[in-house]
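J.:
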Amino acid sequence: MEKGPSFLFAGVSFDKKKFATDLARFKENKESENLADDFSFVEGEKTDPEKAMVSFVKKRKRKSIAGVEGFNVFKSSKQLAPAVDKEKEKVEDGPSKAKKELNKQIERDAVFRKKYNIHVSGANVPSPLRTFAELSSRFGCESYLLRNLAEHGYKEPTPIQRQAIPVLLSDRECFACAPTGSGKTLAFLCPMLMKLRCASKDGIRAVILCPTRELATQTTRECKKLAKGNKFQIKLMKKELVRSTDLSKFSCDILISTPLRLRLAIRRKKIDLSRVEYLVLDEADKLFEVGNLLKHIDPVVKACSNPSIVRSLFSATLPDFVEELARSIMHDAVRVIVGRKNTASESIKQKLVFAGSEEGKLLALRQSFAESLNPPVLIFVQSKDRAKELYGELAFDDIRAGVIHSDLSQTQRENAVDDFRAGKTWVLIATDVIARGMDFKGVNCVINYDFPDSGAAYIHRIGRTGRAGRSGEAITLYTEDDIPFLRNIANLMKASGCEVPSWILTLPKLKGKKHRPRRESISTKPKDDEE
DNA sequence: AAAAAAC
8 MEKGPSFLFA GVSFDKKKFA TDLARFKENK ESENLADDFS FVEGEKTDPE KAMVSFVKKR
68 KRKSIAGVEG FNVFKSSKQL APAVDKEKEK VEDGPSKAKK ELNKQIERDA VFRKKYNIHV
128 SGANVPSPLR TFAELSSRFG CESYLLRNLA EHGYKEPTPI QRQAIPVLLS DRECFACAPT
188 GSGKTLAFLC PMLMKLRCAS KDGIRAVILC PTRELATQTT RECKKLAKGN KFQIKLMKKE
248 LVRSTDLSKF SCDILISTPL RLRLAIRRKK IDLSRVEYLV LDEADKLFEV GNLLKHIDPV
308 VKACSNPSIV RSLFSATLPD FVEELARSIM HDAVRVIVGR KNTASESIKQ KLVFAGSEEG
368 KLLALRQSFA ESLNPPVLIF VQSKDRAKEL YGELAFDDIR AGVIHSDLSQ TQRENAVDDF
428 RAGKTWVLIA TDVIARGMDF KGVNCVINYD FPDSGAAYIH RIGRTGRAGR SGEAITLYTE
488 DDIPFLRNIA NLMKASGCEV PSWILTLPKL KGKKHRPRRE SISTKPKDDE E
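Reminder that position 284 of the first sequence reads as 291 in my numbering, one-by-one numbering, no gaps.
1) Counting only the same chain and skipping the five closest in sequence on each side, list residues whose C-beta sits under 7 Å from that of F447.
2) Out of curiosity, what's the CA-to-CA distance linking R169 and A157?
3) What's the gap between the Cα of A607 and the Cα of C184?
4) When we look at the beta-carbon of P266 and count the other beta-carbons within 10 Å, is it buried (16 or more) or exposed?
5) Just the C-alpha distance for P459 and L193, rounded to the nearest angstrom, thanks.
6) Applying the criterion that 16 or more other CB atoms from any shown protein chain within 10 Å of the CB defines a buried residue, is G504 buried or exposed?
7) With DSSP as the reference, please indicate the residues paired to I215 in a beta bridge.
8) Between the C-alpha atoms of F146 and L320, what's the straight-line distance to the nearest angstrom?
9) Taking the alpha helix (DSSP H) that S335 belongs to, which residues open and close that run?
10) What is the rounded straight-line gap between the Cα of R526 and the Cα of G363?
11) For my contact list, V440 and I406 are in at a C-beta cut-off of 8 Å; report their separation, rounded to the angstrom.
12) Can you tell me where the beta strand (DSSP E) holding S539 begins and where it ends?
13) Is K293 buried or exposed, if buried means 16 or more other CB atoms sit within 10 Å of its CB?
14) Consult DSSP for K106 and reduce its assignment to one of helix, strand or coil.
15) Quick check: is any heavy atom of the ligand MG less than 7 Å from the C-beta of A130?
16) For Y485, which beta-bridge partners are listed by DSSP?
17) Specify, as a first and last residue, the run of the alpha helix (DSSP H) that N155 falls within.
18) To which residues of the same chain is L136 closer than 6 Å at the C-beta, ignoring the five residues directly before and after it?
19) Can you list, in chain order, the stretches of the alpha helix (DSSP H) that have 4 or more residues and sit fully within the segment 430-495?
20) Exposed or buried, which one is G479 when buried takes at least 16 other CB atoms within 10 Å?
21) When DSSP labels each residue in this structure, what does L280 get in the three-state scheme?
22) Report the three-state DSSP secondary structure of R407 (helix, strand or coil).
23) Indicate the three-state DSSP secondary structure (helix, strand or coil) for I529 in the structure shown.
24) Just reading off the beta strand (DSSP E) that C181 is part of, what are its end residues?
25) Would a C-beta distance cut-off of 8 Å place P186 and G346 closer than the cut-off?
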C-alpha cells in the first residue's frame, strides 16, 4: 500500500547513511534516557494503568501522528518524505555507480515485496530475504540453524519471514501483521537465535510473552526444536520453575512466559530483566486487551530496561490502538503487513449456516457428523459452561471428543491438547483459550458452534485450519440472535474471497456496543427425560 | 460479556 517514499531506501547501506542512522539512534537513546521513568505504555501514570492507557490513547487520537515526539518511531510515509529527499541529495552527490546500484536495489526490493504482498513502512527498511541461504551470506547465520530449518522442512521463507527476519536482524524494532498460519513464530524465533549467537550465563537475554499457557508451551517447543545443536538455555515459566528456583539469580538465554506470571516474578521474586536484549509480544493485540492483560504487560516492558533492547509485536490482527501504543514505545520501528491488515487467511473455505435455535445447533452438528466426520475437527463455544455441556452431549455419541477450557487443571489441559495432537480425540471442544496461535497439524474443519465475539476472534478461531499452505474449512453456525452481528463476519468472509449471501451484506451496520446474547443451555431437553 | 491471565 505504500506509495514510494517509505521503501525508497530499503536495504541499502553505505557508510554515510549508516552514520546518519547511528547518530539518530544515539540522539534517541539520549532522549529515552531522560524519559526512563515514562518508558511505558502508560506514560508515567502509576496509579491505574488501565485508565491511564485509555485516556492516553484518546489523547493521542485527538493529536495527529506528528504529536509523537521524543520517540523517533514509526512514521507515516508522508512524514518520511523530507528525510528521503535528504537521502536522495546525498546519493546524487555520491559516485554515480553507487547511485545506480542503490536505485537498482530499491527497485528490486519493491518488485519483490509486491510479488509477495508485503507492505512496509518506516525508514530504511532492510531488503527482504530471498532464500534461507541468505541468512548465512547476509547475516552470518550459523550452520546448526540452517540445518534445523532444512530438517524441519522449511524450504522457502514465507512472506512475513522474508521481511521481518532481516528487519529484526538489523536491530530494528518491528510490528508485524500477517495471516494465521503464515509462519510468524519462526519469523521472530529465527532472528532471536541468530542475535543471541551462543549460550551464555549472562542473565536473561530474551523474553517471549504469550497470552495463554498452551501457546507459551508450544512456542517453547518450537524454539527448542530450532535451537537444537546449540546450547541455549530455553525456559518456560512454569509453576515449578517459580517455586524451585531463586529467580533473583535466575539466568537463561530465552524465557517464555505468560504475562501475569512474569509480572509476579518481577514484583515478588525480583527476577532481573535488565539484560534482556530481545522482547517479543506474541498475539500482541490480545496482550494489549483493555481491562485485561495490558496492566500486566506494562511492568514487564518497563523491567526490560536495557536501552538497546529490540522489541517486536506479532499478530494476525493489529487494531489501530495497538499500533498507537506500539508507536509510543518503539524506536525507529518498522511496520510489516502481509496481505491486508485484519483479514482471514485465504486458504480457508468459510461457510455460514443458519441453525435457527440452540437446539437446532446441536441437531445440525450431530447431523453433520453423521454424514461426514473428517477429523481432526475443532469446535469453538462461547463459555466454559457451554464447553462442558457440549462435551457432555457429545460424550454419549460415538465420537471421540475432547474438551479444553481454563476450568480444567494444568494437566487436564495439557492432556486435551496432546490427545488432540496425537489423534486420540477427533473432535476438540474449546473456548477461545486455544483460538490464538495454536498450531495443530492438519485440522480439517473449524466449527464456530457459538458465534465469535468479534472479528478478531473469528479470524483467529478459523485460523486453526488452513495453515502453512494447506486448505481448510470453517463453518459458523448462527441463530436469530446472532443476525445483528452477522454482517461484520460476512464482510471478513468476503474480504478473504468467500461467497456470502447478498442479504447479509445489506443488513444494518451495528451501531454502539450491543453485547452478545446470553446463550441458554446447549440442549433444550431436560436431562431427566432421557430413559 | 466472556475468556484468560497468579498466588
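Backbone N, C-alpha and C fix where the C-beta goes; we use that ideal spot for every residue, glycine too.
Since the structure is predicted, the reported quantities are computational estimates derived from the model, not experimental observations.
T.: Here's the rundown:
1) One-based indexing of the first sequence puts residue 447 at position 440. Closer than 7 Å at Cβ, skipping near neighbours: P383, F427, R428 and R471.
2) Working through the first sequence from its first residue, we reach residue 169 at position 162. Working through the first sequence from its first residue, we reach residue 157 at position 150. Each residue's Cα considered, the two are about 16 Å apart.
3) An answer regarding residue 607 cannot be provided, because it is not within the stretch 8 to 538 covered by the chain.
4) Taking the first residue of the first sequence as 1, we reach residue 266 at position 259. Burial call: buried.
5) Within the first sequence, residue 459 is the residue found at index 452, counting from 1. Within the first sequence, residue 193 is the residue found at index 186, counting from 1. Using only the alpha carbons, I get a separation of about 28 Å.
6) Sequence index remark: in the first sequence, residue 504 carries index 497 (1-based). Under this definition G504 is an exposed residue.
7) Residue mapping note: residue 215 aligns to position 208 of the first sequence, counting from 1. Residue pairing for I215: DSSP places it in a beta bridge opposite I263 and V287.
8) Locating residue 146 in the first sequence gives position 139, counting from the first residue. Locating residue 320 in the first sequence gives position 313, counting from the first residue. If I take the Cα positions, the gap works out to 22 Å.
9) For the purposes of this step, residue 335 is taken as the residue at position 328 of the first sequence. D327 to I336 is the span of the alpha helix (DSSP H), which, as asked, contains S335.
10) Locating residue 526 in the first sequence gives position 519, counting from the first residue. Locating residue 363 in the first sequence gives position 356, counting from the first residue. When rounded, the distance between both Cα atoms is 13 Å.
11) Mapped onto the first sequence, residue 440 falls at position 433. Mapped onto the first sequence, residue 406 falls at position 399. So it is not a contact: roughly 21 Å between Cβ atoms.
12) The first residue shown for the chain is 8 and the last is 538, placing residue 539 beyond what the model contains.
13) Walking along the first sequence from the start, residue 293 turns up at place 286. Buried, since its Cβ has 16 or more Cβ neighbours within 10 Å.
14) Taking the first residue of the first sequence as position 1, residue 106 is located at position 99. K106: helix per DSSP, three-state reduction.
15) Although the ligand MG was asked about, the structure shown includes no ligands whatsoever.
16) As a first step, residue 485 is located in the first sequence; it is residue number 478 there, counting from the start. Beta-bridge pairing links Y485 to F361.
17) Walking along the first sequence from the start, residue 155 turns up at place 148. Run containing N155: S150 to E158, per the alpha helix (DSSP H) assignment.
18) As a working note, residue 136 is residue 129 in the first sequence. Closer than 6 Å at Cβ, skipping near neighbours: P164, R169, I172 and P173.
19) 462-469
20) Taking the first residue of the first sequence as position 1, residue 479 is located at position 472. Per the 10 Å Cβ criterion, buried.
21) Residue mapping note: residue 280 aligns to position 273 of the first sequence, counting from 1. If DSSP states are grouped into helix, strand and coil, L280 belongs with coil.
22) In the first sequence, the residue the question calls residue 407 occupies position 400. Reduced to three states, the DSSP call for R407 is coil.
23) The residue you call residue 529 lines up with position 522 of the first sequence. Reduced to three states, the DSSP call for I529 is coil.
24) Within the first sequence, numbered from 1, the residue matching residue 181 stands at position 174. Residues C181 to C184.
25) By 1-based counting over the first sequence, the position of residue 186 is 179. By 1-based counting over the first sequence, the position of residue 346 is 339. Their beta carbons are under 8 Å apart, which means P186 touches G346 by this criterion.
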